[in-house]
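J.: The structure is given below, and queries will be raised subsequently.
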Amino acid sequence: MKWFKFLTLVILTFMLLTGPVWAQEAKEQEEQSSKSTSEVVLTEEDFQKHNCDNVGDALQTLSGVSVNSSGEISLRDV
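In terms of this note's numbering, the sequence shown opens at residue 4 and continues consecutively.
See below:
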C-alpha cells in the first residue's frame, strides 16, 4: 500500500511539473498551424525598388493582391 501511495505521489508531482510545459507546446503548435503559409513583409527597400508612393501601390506589387481605383483591396484568383 505504501508503494501505491508513493507511486501516486510521484506521478501527480510529475504531472504538475510537466503539465504547463505540455500546455505551452500545444499552444505553440496550434499557433503555428493557424499562421498563414505565405506571409509577406514589405520593407522600405521594397517601396523604393518598386517606386511606391503608398501602401496601395506596394500591395499591387504582391502577387494575388489587387487594389481598385477606389482603394479597395482584394485578392486575385491565382
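Note that CB positions come from ideal geometry on N, CA and C, so glycine has one too. None of these values were measured; they are calculated from a predicted model.
Looking only at its chain, what residues have a beta carbon closer than 8 angstroms to the beta carbon of Gly59, apart from the 5 residues adjacent to it on each side?
T.: Val70, Gly74 and Ile76
J.: Keeping to the same chain, check which residues put their C-beta closer than 6 angstroms to that of Leu45; ignore five residues upstream and five downstream.
T.: Once the five neighbours on either side are set aside, the close Cβ partners of Leu45 are Ala61.
J.: Between which two residues does the alpha helix (DSSP H) harbouring Val58 extend?
T.: Val58 to Gln63
J.: Per DSSP, what are the beta-bridge partners of Ile76 in this structure?
T.: Val70
J.: Report the three-state DSSP secondary structure of Val44 (helix, strand or coil).
T.: coil
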